[in-house]
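Q: Submitted below is the structure of interest, expressed as structure tokens.
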Amino acid sequence: MTAPSPDSRVERDVDLATRSTYGLRARAGALVTLRSRRDLEDLETQLRSLALDWRVLGAGSNVILGEGCRNLTLLSLEGDWDSLEVDESGRARLGAGISLPVAARRLSAAGWSGFEWAVGIPGRAGGAAVMNAGGHGADLARVVRRVEVWRDGEVTWWERESLDLRYRHSSLGANDLVLSVEVQLEPGDPDESAARLRDIVRWRREHQPGGRNAGSVFTNPVGDHAARLLEAAGVKGVRRGGAEVSSKHANFILCDPGTDAREVIDLMVFMRERVLEIHGVALTTEHRFLGVEAPW
Numbered sequence: 012m013t014a015p016s017p018d019s020r021v022e023r024d025v026d027l028a029t030r031s032t033y034g035l036r037a038r039a040g041a042l043v044t045l046r047s048r049r050d051l052e053d054l055e056t057q058l059r060s061l062a063l064d065w066r067v068l069g070a071g072s073n074v075i076l077g078e079g080c081r082n083l084t085l086l087s088l089e090g091d092w093d094s095l096e097v098d099e100s101g102r103a104r105l106g107a108g109i110s111l112p113v114a115a116r117r118l119s120a121a122g123w124s125g126f127e128w129a130v131g132i133p134g135r136a137g138g139a140a141v142m143n144a145g146g147h148g149a150d151l152a153r154v155v156r157r158v159e160v161w162r163d164g165e166v167t168w169w170e171r172e173s174l175d176l177r178y179r180h181s182s183l184g185a186n187d188l189v190l191s192v193e194v195q196l197e198p199g200d201p202d203e204s205a206a207r208l209r210d211i212v213r214w215r216r217e218h219q220p221g222g223r224n225a226g227s228v229f230t231n232p233v234g235d236h237a238a239r240l241l242e243a244a245g246v247k248g249v250r251r252g253g254a255e256v257s258s259k260h261a262n263f264i265l266c267d268p269g270t271d272a273r274e275v276i277d278l279m280v281f282m283r284e285r286v287l288e289i290h291g292v293a294l295t296t297e298h299r300f301l302g303v304e305a306p307w
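Residue numbering for the sequence shown follows the working numbering, starting at 12 and increasing by one per position.
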């Protein structure tokens, strides 16, 4: 096998319980951790030598990891990939591995506005680009200029127009490794921005549960809210194995330690079927699936 660069790390048969916010029971066939741009030089050869399909694993805050991860190589960005640079015009470049709350706070403190919405999203910049993450009336599409992507050994910039950004959607695929995200911000008052951050964090603490969850399970249908439909369907507190619908917010699932993907998916299917039966609305999930098939 081609030797990795000094910065990268290759592990086999990796326990993934701490690699997702659900804490699901799963193992990866291999985990390649990239720590700097030097690791991209031989990445394609390295992936080929591992002889497994590969996928990107970010913060694991919006993903269901299944037993099929044993047959996958997962890529993780650490080290230098949590960078953040901003110029005098407000153009900021976020390394794909930077935490969204960290980026929101640093940009706010530096006097730049337009990224406050991200303070309550427990993901990373790379994942935000893939799914057009958003909340509190804003999303990445409002500020993004372009995204740097590694695909098939080549690094290219995807301009905003080519990203097809829609509600929780982009044109980035499963084998597109996001390296950095460039956004355009506006000058702002640090005190006002800090107050906005506090309001968002306070709202989330008051209305959303803590614990082992992966955020909203379903997207909001046009003109309505998934949480309202789910609560009216009476799903709060329903349990399947180690997975339970939160009693605080009907669009959140909480997991016990040792829960597996099948239990979460079984509960998701029940939730969706109840809403379809009672309201006639077919909900769409926000979650991504690795090592397990999506249920619909």
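All C-beta atoms, glycine included, are put in the ideal place defined by N, C-alpha and C.
Proline 198 bridges to which residues according to DSSP?
A: In the sequence shown, residue 198 corresponds to position 187, counting from 1. The partner list for proline 198 (beta bridge, DSSP) reads Trp123.
Q: With respect to the beta strand (DSSP E) encompassing alanine 144, which residues constitute its N-terminal and C-terminal limits?
A: As a working note, residue 144 is residue 133 in the sequence shown. It is not in any beta strand (DSSP E) - alanine 144 carries neither H nor E in the DSSP assignment.
Q: Count the CB pairs spanning the segment 288-300 and the segment 52-63 that are closer than 8 Å, and state whether there are at least three.
A: no
Q: Does the segment 217-227 touch the segment 255-265, meaning 3 or more C-beta pairs lie closer than 8 Å?
A: With the rule of 3 Cβ pairs closer than 8 Å, the segment 255-265 counts as touching the segment 217-227.
Q: Please report how far the alpha carbon of arginine 207 lies from the alpha carbon of valine 97, in whole angstroms.
A: Here residue 207 refers to the residue found at position 196 when the sequence shown is read from its first residue. Here residue 97 refers to the residue found at position 86 when the sequence shown is read from its first residue. Approximately 21 Å between the Cα atoms of the pair.
Q: Mind checking who leucine 183 pairs with in its DSSP beta bridge?
A: As a first step, residue 183 must be located in the sequence shown, where it is residue number 172. Its beta-bridge partners do not exist; DSSP assigns none.
Q: Quick test of your reading: valine 189 and alanine 144, contact by CB under 8 Å. State the CB separation rounded to the nearest angstrom.
A: Here the question's residue 189 lines up with position 178 in the sequence shown. Here the question's residue 144 lines up with position 133 in the sequence shown. Not really, about 12 Å apart at Cβ, beyond 8 Å.
Q: For isoleucine 134, count the other beta carbons within 10 Å of its own beta carbon; 16 or more makes it buried, fewer makes it exposed. Which is it?
A: If you number the sequence shown from 1, residue 134 lands on position 123. According to the sequence provided, residue 134 is glycine. The question's isoleucine does not apply to it. The residue is buried, with at least 16 neighbouring Cβ atoms inside 10 Å.
Q: Evaluate tryptophan 214 with the Cβ neighbour count: other Cβ atoms within 10 Å of its Cβ, from every protein chain shown; 16 or more gives buried, anything less gives exposed.
A: Indexing the sequence shown from 1 puts residue 214 at position 203. It counts as exposed.
Q: Tell me, please, whether the segment 159-169 touches the segment 237-256 by the rule of three or more beta-carbon pairs shorter than 8 Å.
A: no
Q: Any idea which residues DSSP pairs alanine 149 with across the strands?
A: For the purposes of this step, residue 149 is taken as residue 138 along the sequence shown, with counting starting at 1. As computed with DSSP, alanine 149 is found in a beta bridge with Gly146.
Q: I'd like to know whether the C-beta atoms of glycine 138 and asparagine 73 end up nearer to each other than 8 Å.
A: Counted from its first residue, the sequence shown places residue 138 at position 127. Counted from its first residue, the sequence shown places residue 73 at position 62. It is a contact, given that the beta carbons lie within the stated cut-off.
Q: Can you tell me the Cα-Cα spacing of phenylalanine 300 and leucine 196, whole angstroms?
A: As a working mapping, residue 300 is identified with position 289 in the sequence shown. As a working mapping, residue 196 is identified with position 185 in the sequence shown. Roughly 32 Å separates the two Cα atoms.
Q: Does the distance from the CB of leucine 105 to the CB of valine 194 come in under 8 Å?
A: Within the sequence shown, residue 105 is the residue found at index 94, counting from 1. Within the sequence shown, residue 194 is the residue found at index 183, counting from 1. For leucine 105 and valine 194, yes; Cβs fall inside 8 Å.
Q: Where do the ends of the alpha helix (DSSP H) carrying arginine 239 lie?
A: As a working note, residue 239 is residue 228 in the sequence shown. Unbroken alpha helix (DSSP H) run through arginine 239: 237-243.
Q: Which residues in the same chain as leucine 45 place their Cβ atom closer than 6 Å to its Cβ, once the five residues preceding and following it in sequence are excluded?
A: By one-based count along the sequence shown, residue 45 stands at place 34. So the qualifying residues of the chain are Ser19 and Leu88.
Q: Which residues bound the beta strand (DSSP E) around arginine 157?
A: For the purposes of this step, residue 157 is taken as the residue at position 146 of the sequence shown. Element bounds for arginine 157: 155-162.
Q: Quick one: what does DSSP say arginine 30 is sitting in, helix, strand or coil?
A: Here the question's residue 30 lines up with position 19 in the sequence shown. Coil.
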